[in-house]
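Shown next, in structure tokens, is the structure this report addresses.
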Amino acid sequence: MEPHDEIENVLPPEALFWAMEPFGPPLGEAACSTWDLKRFPDMRVQQAAFDGEPAVPKRDIPQARAMCHTCPLLDGCRRYAQDSRDEHVFLAGETAEERRKKWRKTGEIAKRRRRVAELYALNVPTAIIARLLGHAERSIRSDLYELGKRSHLPPTA
Ligand code: SF4
Numbered sequence: 307m308e309p310h311d312e313i314e315n316v317l318p319p320e321a322l323f324w325a326m327e328p329f330g331p332p333l334g335e336a337a338c339s340t341w342d343l344k345r346f347p348d349m350r351v352q353q354a355a356f357d358g359e360p361a362v363p364k365r366d367i368p369q370a371r372a373m374c375h376t377c378p379l380l381d382g383c384r385r386y387a388q389d390s391r392d393e394h395v396f397l398a399g400e401t402a403e404e405r406r407k408k409w410r411k412t413g414e415i416a417k418r419r420r421r422v423a424e425l426y427a428l429n430v431p432t433a434i435i436a437r438l439l440g441h442a443e444r445s446i447r448s449d450l451y452e453l454g455k456r457s458h459l460p461p462t463a
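Now the structure itself:
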């Protein structure tokens, strides 16, 4: 792979997706995938709440939160929510705004390094990693240097 190659033409889309989001969304039977008619008047209202656009926030957010607390995927969803830094949808019992308040610079660095490690393992050149992640190549080299010194990465949040 050369730095001028288009990454999408060289790596399968799934490989690129998982490298960019090593903690992807949890797989399995999510509570929010089924309409809970005791909590929401209809499926569209429930969907809007989980899409981060609740029709009546005071009513819908607590209901969505309660659904998450019964969800078998809660732990994985929480990890994905923290790591993805999604800025819109309701995930793991929290609004995007509630999650944003917990963000730390160390989490941002940890996420970038996790992505660097995954892409590097796929033999993606540092110039392409830099382009994909929107950082200078010297930052990517510095990340690789730091990754080489540690056996694990700190948690993202
Ligand atoms: S924890 Fe909440 S947002 Fe995440 S999958 Fe379960 S119900 Fe959906």
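Numbering (this note's numbering), first residue to last: 307 to 463. Backbone N, C-alpha and C define an ideal beta-carbon position, used for all residues, glycine too.
Please say whether residue j and residue i have beta carbons closer to each other than 7 angstroms?
i    : j    : result
L425 : I435 : yes
G382 : P328 : no
K417 : D449 : no
R447 : T432 : yes
V395 : G334 : no
A402 : E393 : yes
P453 : A427 : Strictly speaking, residue 453 in this sequence is Leu, with Pro absent from that position. Cβ distance not < 7 angstroms, so L453 and A427 don't count as in contact.
What residue does the alpha helix (DSSP H) around residue i start on, and which one ends it?
i    : result
D449 : 443–455
D342 : Neither: D342 is in no alpha helix (DSSP H) and is coded neither H nor E.
C383 : 380–390
G413 : 411–427
E403 : 402–406
To the nearest angstrom, how far is the alpha carbon of residue i from that of residue j?
i    : j    : result
G440 : R421 : 12 angstroms
E465 : C377 : Lying before the first or after the last residue shown, residue 465 is absent from the chain, which here runs from 307 to 463.
P461 : F346 : Annotation note: pLDDT 46 at P461 (below 50); position unreliable, coordinate value reported separately. Rounded to whole angstroms, P461 to F346 spans 34 angstroms at the Cα level.
A370 : F356 : 7 angstroms
E443 : G413 : 20 angstroms
F353 : N429 : Note that residue 353 is Gln in the sequence shown, not Phe. Going from the Cα of Q353 to the Cα of N429 covers about 39 angstroms.
R365 : W409 : 26 angstroms
What does the shell around the ligand SF4 hold, if a residue joins when its beta-carbon is under 5 angstroms from any heavy atom? Result (chain order): A336, A337, C338, C374, C377, L379, L380, C383, L397, A398.
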